[in-house]
Amino acid sequence: MDFQIKTDTNIIRFASISNFIIACELSVTAVWVTFAISRVSVPRIRLSFTPLMSPS
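The opening position of the sequence shown corresponds to residue 1 in UniProt numbering, with each subsequent residue numbered one higher.
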């Protein structure tokens, strides 16, 4: 019985640690993706606005 309880707590601990790691990886990935998208979309927005702003 003691062994069973110990195993359960170890499994729970491992699950929480892996969930924490996954959450960290997800947040890092989300930040990186947002950064990449902003890096890509900002020049595109500038390019699309440049013809409108420049006197033809």
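Each residue gets a CB set at the ideal place from its N, CA and C atoms; glycine is no exception.
Take the alpha-carbon of Ala-23 and the one of Ile-17: they are about 10 Å apart. Apart from sequence neighbours up to five positions away, no residue of its chain approaches Asn-10 with a beta-carbon distance below 7 Å. Take the alpha-carbon of Val-33 and the one of Asp-8: they are about 37 Å apart. In this structure, the CA atom of Leu-26 is about 32 Å from the CA atom of Gln-4.
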